[in-house]
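Each residue of the sequence shown is one higher than the last, beginning at 1 in the working numbering.
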Amino acid sequence: MNKYLAFGLTIETEVDFNGVLQDSTAATDVLIKEGAIPEKANRPTRIHRRGVMAKFGVADTRLLLDWEGVGKFSVSEGKEIVYQNLGADIGTLRLFLLSEVIGLLLYQRGLFLLHGSAVKIGNNSSVFLGIPGAGKSTTAAAFGKAGHTVLTDDLVAIKLINTKPFVVPGFGQYKIWENTVNGLKIDRSTLKPSFEGASKFLVMQPLSDFPQTPTPLKNITLLYPANSRKKNESIKPLLAPVELLKHFPLPIQLLTSTYLQKHFTDALKIAQFATINQLKRPDGFEALAQFVQAF
């Protein structure tokens, strides 16, 4: 088995992540292995990938996600992922393992999770959240083109260290839409297919330069479409728990009373050190480039 690094964890697995994840020589934190999963996940979710809705389930202490025609996944104790391949190619399998599946594992490990993108600007990190179509991935890609590191795309993991929030670097690749490729004038020859559809591509950041340690969180921006009626304004810290809960990235069945108590406590701690603002996204790619320069 090989060892790789993702979300600050050393993952031991026979799945080939060469060129996608950094190698690791540290002690194993997580084991990913293939195996039969007899239990069925039958609870519908809002999670869709490649047009297929994920179904969620619980078996003892294990969390289950099933994507029909792709794979079944079982996650236990924040330490082990078992997958049963239902016909996915290696690229698709990697995509699903590194999305909500590893999100379940991070949930079990107690990290604060958000559906969004994060970029490293100087020595700090900034997180961008928003409803589908709000422009969070395009905004992150614009920062990436400007020379900043995209720490994570789609799944943001925040760790509280001595009560202060840090973004845990995910892995070096991130997805962009075809209109973003055209709008930002990104060289297509440097991109790879995303395995999530013909209109998405993968940007591969140099693995040798990708951060391995958590980065202090400076701000969180809630993005809204340019034609939104929302005002550009700051969010009061006391409203942080409610605003951030709207961007929970996993099945809503996980929003138990115990989790919600921890979410509210952690969100208030995050808001003590990171500013939270709502902002209408810049209208057009030229305005977006100017926004990145001024941020």
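For every residue, glycine included, the Cβ atom is placed at its ideal position computed from N, Cα and C.
For residue 215, the three-state secondary structure derived from DSSP is strand. The count of Cβ pairs closer than 8 Å, one atom from the stretch 150–166 and one from the stretch 107–114, reaches three, so the stretches are in contact. About 5 Å separates the Cβ atoms of residue 219 and residue 275, confirming a contact at the 8 Å cut-off.
Counting C-beta pairs closer than 8 Å gives three or more between the stretch 57–67 and the stretch 27–43, which meets the contact rule.
Excluding residues up to 5 positions away in sequence, 65, 83, 101 lie with their Cβ nearer than 6 Å to the Cβ of residue 73 in the same chain. Under DSSP, residue 220 takes part in a beta bridge, and its partners are 127, 276.
With 16 or more other Cβ atoms from the protein chains shown falling within 10 Å of its own Cβ, residue 120 counts as buried. Counted as a single uninterrupted DSSP element, the stretch harbouring residue 8 is not any alpha helix (DSSP H), since DSSP gives it neither H nor E.
Per DSSP, reduced to three states, the secondary structure at residue 37 is coil, with no helix or strand assignment.
In this structure, the straight-line span from the alpha carbon of residue 272 to that of residue 239 is close to 12 Å. Here residue 2 carries a strand assignment [DSSP, helix/strand/coil].
Residue state for residue 24 is assigned as coil, using DSSP reduced to three classes. Looking at the backbone, the Cα of residue 46 and that of residue 245 are separated by about 15 Å. Annotation for residue 124: 216, 218 place their beta carbon closer than 6 Å to its own, counting only its chain and skipping 5 residues before and after. The beta carbon of residue 226 sits closer than 6 Å to those of 280, 281, 283, all from its chain and outside the five residues before and after it, given in chain order.
In its chain, beyond the 5 residues on either side, 119, 120, 121 have a beta carbon closer than 7 Å to the beta carbon of residue 148.
Note that the C-beta distance between residue 116 and residue 247 is below 8 Å.
Boundaries of the alpha helix (DSSP H) around residue 289: 285–294. Here residue 154 is buried, its C-beta having at least 16 other C-beta atoms within 10 Å. Between the alpha carbons of residue 235 and residue 70 lies a distance of about 40 Å. With fewer than 16 other Cβ atoms inside 10 Å of its own Cβ, residue 209 counts as exposed. Rounded to the nearest whole angstrom, the C-alpha separation of residue 231 and residue 128 is 16 Å. Taking all protein chains shown into account, residue 172 has 16 or more neighbouring C-beta atoms within 10 Å of its C-beta and is therefore buried. Secondary structure note for residue 134: it is in no beta strand (DSSP E), with a DSSP letter that is neither H nor E.
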